[in-house]
Every structure is written in structure tokens, then in C-alpha cells.
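Encoded as C-alpha cells, the structure appears first; notes follow it.
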């Protein structure tokens, strides 16, 4: 136990009827996310656990919890669906897990926007907006379990980013509502660029209770697998198709060496071919098919989501992004980890082929097409055969030094080391305002030091 029994008893008394539990198995489950994708993080985080799981049902109950935590100086770690990969919801100093999934109302659906509570599951929100002929602008490959607030707090892009940019681009989010962790909590509403104060902050500087999110017209996307002889051909096909403006919601390029991990797709993705998994607009299919043929490829699978579900096949979005890592670890636990790589512009498939030659069976390639500030950006989430921490960081150093790539390190828990590459003073300044005692998700940002905490 990280917090004294007396302090926990005082906290329980202060929150009254707000549901809470200290049952050991629940504490274990709710103190974890998908950090085990990284053996480095597994060693660091396996033994971490909260002292209490608290499950507020309304914003008013969130404020009650925040007030009690501030008064008693209890650490607070906010949790959504727990599908993050970097230990974002793992409590480093015990205290409280604030389980947000009971704040799950869809409040309003309008043209191009949905307003919902932060704990709403993304798949449930998408079902709700579907009745209006709309869909979410983007979502993670784990949308069946991820929450809206969790994606905003810990995500950066996903399925749909090829068409609608990264999460912080444009108007994917324009408003959110949050509660401060103070003796007398406040509700703060952020709009426009101000949402960057808490977006991708890992819940270190405020409790998001509600938000808006962009909607786009619903499209019955065609899920496809195109097969090519050679990974360079698959990459060139995807890059050229995007340069030409092919209407796609997703394009994922996957090496044939990864095919054994997609057992349900063995008929459509053999090991001697390299694949492009796509979601293509129905009226762009003729163009898509012609481009595949022109590159010497073949289309092995093509169908709507309904068609795939009827055949018990996975949708294209569960064959890309970090679902690729998940599939590998399901079949060979402990053997694989991964990296997150951004390639220099203009993109050169030859660079990727040189990396494949350099690393052999140690690194299996998988690339994603996305848009960053309206420009096509190609990322990789390669599988890396796990041997040691030293070897992982040797590969990182080589890709950055020799290849000019930028690595977003998935083997660290701090915001700066994993993604931003620098201290985000805007988020730290806002933490001084919204979390003056430094209680929120301690240990997840290097920008906050203990001397900053208000006495």
C-alpha cells in the first residue's frame, strides 16, 4: 500500500456515495494498460498498482473526488479504456485510479460535431452518430474499448488520419471541459488552440469530463488487401496513390514476414507477398484497382465491413497501426516489441529497403500513411525482435543518425521522451493552474518537478 490506511479511510469518508473499491484483482486490472508491448516498460511497471479505484458517475462526483484528493494530497491517475501503450494510466506512486467509463453520455449530435462525456467508448459514440449519417473523423485501432477522453489524452493519430490529419490538426477537437484538482475544484472550458494545454498530456494536468469531436459523412468504406511482389512495390503503390489523391481512409503497408500473425487472413495474405491494407471510398474503387494492376499487384480481398463480418474476417483497421504489434504478441508473447518511426520528406522507399537489408529478421516492417499539417507523412511501426534494452537503443540511434528518421520512443513513460522531444511549457504552465499540488499522474512528465508544487 502506497497510501496510509488512515488517509484512505479519510478519503473514502470524504467522497461519500461515490463508488470505490480496494479489491485486489480490480486494483491489479485497473492499474494496467498495454505497456507490456515494451519489455522495458514491463520491467518498470509490472509491480505498480493503485490503492483505490474510484468510479464517479457524474461531473459533480468527479469534483467531489478531486476536492478530497487535493485536501489529502493523494495522487490521482485518470483511466479510460486502458488501451494506451506507454503506461499512461499506470500509477507510479499509488493513490487513486479515477475510472471514467461511467461518464459515458452522448450529449449532442450535430452537423460535423458530436459532444459527449469523456468516458464514452468510441465505438458506442460512432454507433450513436451513425443514425445521423456521420462517423468519427478518426479513431484508434482499439476503438472497441478506447474512450473518447482517453484517446484525446493519450493519442495522436489513427485510422482516418490519412484523410483528416492527426488528432491535433484542424478541427478534430475544438472544445473540452475539465475539472481541476484543488481543494475547491473548478470547471474550465478550453476552446480552439487552447485544447493543446491538455491534449496528449497523459492526464497530468486536469480531468477531462466532456469534449466535442469532429464528424465526417458516413462512408461504407471498402476494406481491401492488395498484394505485391516486393515491399518497395507495396510502399510505392501506397505513396503514389496518396500523391495522386486517391480517396482512402486508411492505407497500411505490411511485410509478408508478418503474415503468419494474421491467421484468419491466411487465404488472402500469403507469406510470399507484401500487402497494402486499405479502406477505399466506393467511387474510387475503379481507380484503386487500376493502380494496383499497373504496379503489378493483385487484389485478394475486397468488401464492406458488413461483408467482412459475415465471413468472420477482421476489418482493415485491425490489421494496422498498433494492432500489428498486438497480433504478433498474441502469437509469440515476449518475442517482439516495436518502434514508432517518422521518415524524412520526400519519402524514399529505398531507405526502407536499406533498413530491411541492414536488420534482416530482427526488424519486420509495417508502414502507415497519414497527414500531418495537410501533407502526407509516412510512419513506420516496425516489429523489433526483443533481445535487450541496449540493442533496442542501438537500433534507435542508427535509424536517427544513419537514416535521418525521427523515433517516437515507445519504451518510456514520460510525455517528452516519447513524443514531444522537448518540455511543453504550455502544458506545464497549465498544470500549475489546474493541478497546483502536482497530484495528477506523477512521474509522467519531466517538465514538472517537486519544487513546483503548491504547499
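Numbering (the working numbering), first residue to last: 72 to 526. Heads up, the beta-carbon is just placed ideally off N, CA and C, and yes, glycines get one too.
Might you give, ordered along the chain, the residues of its own chain that have their beta carbon closer than 6 Å to the beta carbon of residue i, omitting 5 neighbours on each side?
i: residue 210; result: 193, 229 and 230
i: residue 359; result: 351
i: residue 236; result: 442
i: residue 86; result: 135, 136 and 139
i: residue 399; result: 332, 407 and 454
i: residue 92; result: 124
Just list the residues that DSSP pairs residue i with in beta bridges.
i: residue 284; result: 185
i: residue 91; result: 125
i: residue 402; result: Partner(s): none; residue 402 has no beta bridge.
i: residue 478; result: 412
i: residue 440; result: 449
i: residue 192; result: 218
i: residue 340; result: Paired residue(s): none; residue 340 is not in a bridge.
i: residue 279; result: 249
i: residue 347; result: 297 and 324
i: residue 372; result: 296
i: residue 179; result: 186
i: residue 434; result: 455
i: residue 356; result: None; residue 356 has no bridge partner.
i: residue 587; result: Since the first residue shown for the chain is 72 and the last is 526, residue 587 is missing from the structure and cannot be characterised.
So residue i is in the alpha helix (DSSP H); what residue range does that whole segment cover?
i: residue 460; result: 460-472
i: residue 377; result: 376-381
i: residue 133; result: 130-143
i: residue 147; result: First-last for residue 147: 147-150, but that is the beta strand (DSSP E), not the alpha helix (DSSP H).
i: residue 504; result: 496-505
i: residue 167; result: Taken as a continuous stretch (DSSP letters only), residue 167 belongs to no alpha helix (DSSP H), being part of the beta strand (DSSP E) at 167-170.
i: residue 103; result: Premise fails: residue 103 is in no alpha helix (DSSP H) and is neither H nor E.
i: residue 420; result: 420-430
i: residue 86; result: 76-86
i: residue 273; result: Run containing residue 273: none; DSSP gives neither H nor E here.
i: residue 265; result: Looking at the DSSP string, residue 265 is not in any alpha helix (DSSP H), and its letter there is neither H nor E.
i: residue 308; result: 302-314
Taking the alpha carbon of residue i as the point to measure from, which residue in the options has its own alpha carbon closest?
i: residue 222; options: 120, 247 and 371; result: 247
i: residue 184; options: 284, 126, 147 and 227; result: 284
i: residue 487; options: 338, 275 and 139; result: 275
i: residue 457; options: 445, 408 and 424; result: 408
i: residue 417; options: 410, 359 and 307; result: 307
i: residue 415; options: 477, 393 and 225; result: 477
i: residue 374; options: 263, 387, 118 and 166; result: 387
i: residue 324; options: 237, 74, 349 and 333; result: 349
i: residue 479; options: 505, 499 and 452; result: 452
i: residue 124; options: 513, 96 and 261; result: 96
i: residue 88; options: 132, 104 and 102; result: 132
i: residue 148; options: 299, 227, 122 and 267; result: 122
i: residue 522; options: 515, 511, 186 and 507; result: 507
i: residue 271; options: 510, 315 and 497; result: 497
i: residue 273; options: 294, 289, 524 and 517; result: 517
i: residue 181; options: 287, 167 and 144; result: 287
i: residue 242; options: 305, 207 and 292; result: 207
i: residue 177; options: 188, 370 and 168; result: 188
i: residue 412; options: 393, 502 and 459; result: 393
i: residue 344; options: 365, 304 and 354; result: 304
Locate the beta strand (DSSP E) running through residue i, then write down its first and last residues.
i: residue 449; result: 446-451
i: residue 299; result: 293-299
i: residue 352; result: Segment: none, residue 352 is in no beta strand (DSSP E) and carries neither H nor E.
i: residue 112; result: Segment 110-116 is the alpha helix (DSSP H) holding residue 112; no beta strand (DSSP E) there.
i: residue 409; result: 407-409
i: residue 455; result: 454-456
i: residue 323; result: 319-325
With a threshold of 8 Å on Cβ separation, who are the neighbours of residue i within its own chain once the five nearest residues in sequence on each side are excluded?
i: residue 254; result: 138, 141 and 142
i: residue 336; result: 296, 330, 372, 384, 385 and 390
i: residue 240; result: 442, 443, 444 and 445
i: residue 310; result: 418, 420, 440, 447 and 449
i: residue 312; result: 319, 322, 359 and 362
i: residue 244; result: 223, 238, 266, 270, 282, 283, 284 and 285
i: residue 405; result: 110 and 457
i: residue 227; result: 237, 238, 239, 271 and 490
Leaving out five residues on either side along the sequence, give the residues of the same chain with a beta carbon under 7 Å from the beta carbon of residue i.
i: residue 482; result: 109, 111, 112 and 463
i: residue 190; result: 151, 171, 172, 173, 174, 175, 218 and 220
i: residue 489; result: 157, 479, 480, 481 and 483
i: residue 474; result: 422 and 426
i: residue 102; result: 119, 120, 121, 161, 162 and 168
i: residue 502; result: 275, 276 and 519
At the 7 Å Cβ level, is residue i part of the contact set with chain B, yes or no?
i: residue 247; result: Note that chain B does not occur in the displayed structure, where there is just one protein chain.
| request: Scan the segment 195-261 and note each continuous beta strand (DSSP E) run of 3 residues or more that stays entirely inside, going in chain order. | output: Entirely contained in the segment 195-261, the beta strand (DSSP E) runs reaching 3 residues are, in chain order, 205-207 and 246-250.
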